[in-house]
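Below you'll find the structure, written out as structure tokens, and then a few comments.
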Amino acid sequence: MAAIAPTPVIKVAALCGSLRKGSYNSGLLRAAIELSKSINGLEMEYVDISPLPFLNTDLEVNGTYPLVVEAFRQKILAADSILFASPEYNYSITGPLKNAIDWASRPPNLWADKTAAIVSAGGGFGGGRSHYHLRQIGVYIDLHFINKPEFFLNAFQPPAKFDSDGELIDDATKEKLKAVLLSLYAFTLRLQGKS
Ligand SMILES: Cc1cc2nc3c(=O)[nH]c(=O)nc-3n(C[C@H](O)[C@H](O)[C@H](O)COP(=O)(O)O)c2cc1C
């Protein structure tokens, strides 16, 4: 009898571009982490970008990085894939998120050959314009984004999507979020030649 192949494990680092305590985008990531528990083989970890200093190459001494930067870089190195929760600030990604991306792009660039997906919440377009700047950055750092499904959430349109603690409470939105995770998992397996 043929042995059943084990389910390949994909490690996802979840990064949020908002540092705000009540952030809707971090609420999306908490919901995604919860949903990932129902997807066999998908392991997701929240990676905090708030301790990172502003990028300054003077902080790099003989090719080494400050301890908090090194700890962050190790988390990215260990991940197969990245889930960005990317709010829109002035039609682009946020300063803190760009700063984190820049730190892990320093030699050796740790984003290369990983897969990624973007989710966002906000008003109007639901943070959508930040996606296209993030995808553009991905070209240079060799990060491979899923194309579909795209996920933009207008957090202010009724019915309420989040409770007063910033937790995602809308079932239809959870389903859309799960579809992103499934797409990211399948795409990562394809890129790694495991599907
Ligand atoms: C500096 C700044 C710029 C912003 N620019 C935009 C923008 O260009 N388009 C938009 O739809 N929302 C904009 N917003 C609103 C945020 O995207 C919105 O408040 C979002 O909920 C923030 O994400 P968070 O809830 O995860 O903190 C801006 C907010 C800030 C603080």
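187 is the number that the UniProt record's numbering gives to position 187 of the sequence shown; each next residue is one higher, with no gaps. Note that CB positions come from ideal geometry on N, CA and C, so glycine has one too.
{"Query": "Please return the same chain residues whose Cβ sits closer than 7 Å to the Cβ of H133, not counting the five positions on each side in sequence.", "Result": "S92, I93"}
{"Query": "What three-state label does DSSP hand N120 in the structure shown?", "Result": "Note that residue 120 is Ser in the sequence shown here, rather than Asn. Three-state result, S120: strand."}
{"Query": "DSSP three-state call for Y112: helix, strand or coil?", "Result": "Reading off the sequence shown, one finds Ala at residue 112, where the question assumed Tyr. A112: coil per DSSP, three-state reduction."}
{"Query": "Alpha carbon to alpha carbon, how far is L181 from S86? Give it in angstroms, no decimals.", "Result": "16 Å"}
{"Query": "Classify N147 as helix, strand or coil using the three-state DSSP reduction.", "Result": "coil"}
{"Query": "For P87, is the beta carbon positioned less than 8 Å from some heavy atom of ligand 1?", "Result": "yes"}
{"Query": "Which runs of the beta strand (DSSP E) at least 3 residues long sit entirely within the UniProt domain \"NADPH-dependent FMN reductase-like\" (10 to 155)? Give them in chain order.", "Result": "10 to 16, 42 to 46, 81 to 85, 115 to 122, 151 to 154"}
{"Query": "What's the gap between the Cα of Y185 and the Cα of I10?", "Result": "7 Å"}
{"Query": "Is the beta carbon of S26 within less than 8 Å of some heavy atom of ligand 1?", "Result": "yes"}
{"Query": "Within 8 Å: the Cβ of F84 and any heavy atom of ligand 1?", "Result": "no"}
{"Query": "Less than 9 Å between the C-beta atoms of T57 and S81, yes or no?", "Result": "no"}
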